[in-house]
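Accompanying notes for the structure given below.
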Amino acid sequence: MALDGYSDGILPRRAMKAELLDAETEHQLAVAWRDRRDEAALHRLVTAYMRLAISMASKFRRYGAPMNDLIQEAGLGLMKAADKFDPDRGVRFSTYAVWWIKASIQDYVMRNWSMVRTGSTSSQKALFFNMRRVQARLEREAEAQGERLDGHQLRARIAREVGVPLHDVEMMEGRLAGSDFSLNATQSSDDEGREWIEALEDDGPQAAETVAEAHDAGHLRIWLGRAMGALTPRERYIVGERKLRAEPRTLESLGEELGLSKERIRQLEAQAFAKMRKSLEAQSQEVHHFLA
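Note that the sequence shown covers residues 91 to 382 in my numbering.
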């Protein structure tokens, strides 16, 4: 299903007419996509739950983003959910997809509302989407009880209510209240004044960091080479096909090629990784940094 066409209402109407999947059909489609990358199964699964994505997107209209863009982001979140969903865990796809759809929409809203004034940590997201609502409720409750809250008291209550540090509340309040300025504005009224962008620190990799990363990468390649050498030819082949290809092979396709069941391929893969981890840990304790 295409994700455009909201302006004329085509996508919402199509979504409302889409089939409702029962648990068994949903599981079959999810397995077909996970194991065989069956695009027809993916299309059917995503189409069936597009109404959920549109419903969630509509709840974010108050942040000023175009509804069509919100639906696009909701659809992307739905696609990510379908790609990462494990049908063998016994959870309905809709329950799993809600989190990916919401995260995708929230990230889009925060990126586009103001790249300067907002952030991306969990506490900043919680504040951005809840601060004004919580503040209004706390003010109403205080007024009803005859209390008069100063700014500090109100911010402290917001912090407790949302579950974030007071410092984050103060920072977000400033961001929401402030306005954006161009980095190309001059620092003084003088026409020859330096632009603000010239005062920014270069966040690119420094020479020392580049050398250290190259050094670590060299050691890691040596360690991995030795760890791969500890595997049997079949184990090396499975690891290579599953992890070192641009498009990893599925368990099912490898099983057909090697004359083994999908579960046996999974066991051999796990066995190979266990051997590699043991080999890497024996070579250097620093490997924990790369395995984390």
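Glycine included, every Cβ here is placed at the ideal spot set by N, Cα and C. Computed from a predicted structure; not experimentally measured.
- Following the DSSP letters along the chain, one finds Thr115 inside the alpha helix (DSSP H) bounded by residues Ala113 to Arg126.
- Taking 8 Å as the upper bound for CB-CB distance, Ala143 and Gly180 are not in contact here, some 23 Å apart.
- Taking the C-beta atoms as reference points, Arg332 is found nearer than 9 Å to Leu344.
- Remark: C-beta atoms of His133 and Pro177 do not approach each other more closely than 9 Å.
- For the 9 Å CB-CB criterion, Ala113 and Ala122 do not form a contact.
- Contact between the segment 183-196 and the segment 144-152 is present: three or more C-beta pairs spanning the two stretches fall below 8 Å.
- Taking all protein chains shown into account, Met366 has 16 or more neighbouring C-beta atoms within 10 Å of its C-beta and is therefore buried.
- Here Ala362 has Leu321, Glu325, Ile328 and Val329 as same chain residues with Cβ atoms under 7 Å from its own Cβ, once five neighbours each way along the sequence are excluded.
- Nearest C-alpha to Asp197 among Phe219, Thr185, Arg124 and Arg339: Phe219.
- Residue burial is scored here from C-beta neighbours: Ala364 has fewer than 16 other C-beta atoms within 10 angstroms and is therefore classed as exposed.
- Listed in chain order, the non-local C-beta contacts of Arg182 below 8 Å within the same chain comprise Ala113 and Glu116, local neighbours out to five positions each way being set aside.
- In this structure, Leu348 keeps its C-beta atom at 9 Å or more from the C-beta atom of Glu359.
- Cβ-Cβ separation between Ala138 and Leu110: approximately 7 Å, consistent with a contact (criterion under 8 Å).
- In this structure Arg245 is buried. Its beta-carbon is surrounded by 16 or more other beta-carbon atoms within 10 angstroms.
- Within the segment 308-379, the complete alpha helix (DSSP H) segments at least 4 residues long are 323-329, 341-348 and 352-373, listed from N- to C-terminus.
- The DSSP-derived three-state label of Leu160 is helix.
- Apart from the 5 residues on each side of it in sequence, Glu251 sits with its Cβ closer than 8 Å to the Cβ of Val224 and Leu228 in its chain, given in chain order.
- Arg238 carries a coil assignment under DSSP once its states are collapsed to helix, strand and coil.
- Spanning the alpha carbons of Pro156 and Ile195 requires a straight line of approximately 12 Å.
- Counted as a single uninterrupted DSSP element, the stretch harbouring Glu109 is not any alpha helix (DSSP H), since DSSP gives it neither H nor E.
- Per DSSP, reduced to three states, the secondary structure at Pro177 is helical.
- Nearest Cα to Leu119 within the set Asp173, Glu233, Arg311 and Met221: Asp173.
- One alpha carbon belongs to Arg103, the other to Val136, and they sit about 15 Å apart.
- Secondary structure note for Arg141: its alpha helix (DSSP H) is the uninterrupted segment Met140 to Ser148.
- Residue state for Arg151 is assigned as helix, using DSSP reduced to three classes.
- Within its own chain, the residues whose Cβ lies closer than 8 Å to the Cβ of Ala249, once the five positions on either side in sequence are excluded, are Pro255, Leu256, Asp258 and Val259, listed in chain order.
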